[in-house]
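Visitor: Numbering (my numbering), first residue to last: 1 to 109. Ideal Cβ placement from N, Cα and C applies to all residues, glycine included. This one's a predicted model, so the numbers in the text were calculated from it and none came from an experiment.
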Amino acid sequence: MTPKGTYARIYAVVRRIPRGRVATYGGVARLAGLAGHARQVGYALSNLPTGSTVPWHRVINAQGRLSLERVASSSGTTQRIRLVAEGVTVDAGGRVSLTRFGWPAARKR
DNA sequence: CCACTGACGAGTG
DNA sequence: GCACTCGCCAGTG
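Next up, the structure:
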C-alpha cells in the first residue's frame with residue numbers, strides 16, 4: 001500500500017477526537033495536513049483494518065450527518081448507537097448538531 | 001497513461 | 001432542509 005503516510009496521519013487525528021464530540025471529514029483532513037482531501041479521509045476509514053482502536057464513529061460529514069447512513073450500511077446503526085452512548089445527540093434522520101458537538105469548535109465561515 | 005470509483009465539500013435553486 | 005452540479009484527489013484495474 002502505498003506509503004502509510006496518508007492513512008497514518010488521518011488515523012492519528014481521528015484518535016485525537018475527544019469523547020462526546022464529532023469531527024467532519026474536511027476538518028480531519030485539514031488537521032492532518034491534507035486540506036481538500038476530505039474524500040481520502042473517508043477512503044482511509046473504509047480501509048480501516050479490523051481491530052483498530054480508531055473511533056471512526058466520531059467522524060461525520062460537514063452536513064452533520066452519519067456518512068454510513070448515506071450508503072445504507074449496517075455499520076451505520078453501530079455508529080449512531082456509539083455516538084449516543086457517548087452523549088452525542090443524534091437526530092432520527094441521523095443528523096448531529098455540529099454547532100454543539102462539532103470538533104474543533106464549529107464557527108461561522 | 002487512461003478511466004472509473006468514492007465513509008466528501010461547497011455553491012445554487 | 002433537499003436535490004443537483006462541479007471540484008478535489010488517492011486508489012484500483
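Could you give the first and the last residue of the continuous alpha helix (DSSP H) run that contains I10?
Guide: By one-based count along the first sequence, residue 10 stands at place 10. I10 -> alpha helix (DSSP H) spans G5 to R16.
Visitor: Considering only C-alpha positions, which residue in the set T99, G20 and Y7 is nearest to N47?
Guide: Taking the first residue of the first sequence as 1, we reach residue 47 at position 47. Measuring from the Cα of N47, the nearest candidate turns out to be Y7.
Visitor: Inspect the beta-carbon positions of V28 and I60 and report whether they are closer than 8 Å.
Guide: As a working note, residue 28 is residue 28 in the first sequence. As a working note, residue 60 is residue 60 in the first sequence. It is not a contact, given that the beta carbons lie outside the stated cut-off.
Visitor: Near Y11, what residues of its chain come up, given a Cβ to Cβ distance below 6 Å and the 5 sequence neighbours on each side ignored?
Guide: The sequence position of residue 11 within the first sequence is 11, counting from 1. The answer, listed in chain order, is V54.
Visitor: Decide if S74 is buried, meaning its Cβ has at least 16 other Cβ atoms within 10 Å, or exposed.
Guide: Counting from 1 along the first sequence, the entry for residue 74 is found at position 74. That one is exposed.
Visitor: To the nearest angstrom, how far is the alpha carbon of G20 from that of G33?
Guide: Start at 1 with the first residue of the first sequence, and residue 20 comes out as number 20. Start at 1 with the first residue of the first sequence, and residue 33 comes out as number 33. If you take the alpha carbons of G20 and G33, they lie about 24 Å apart.
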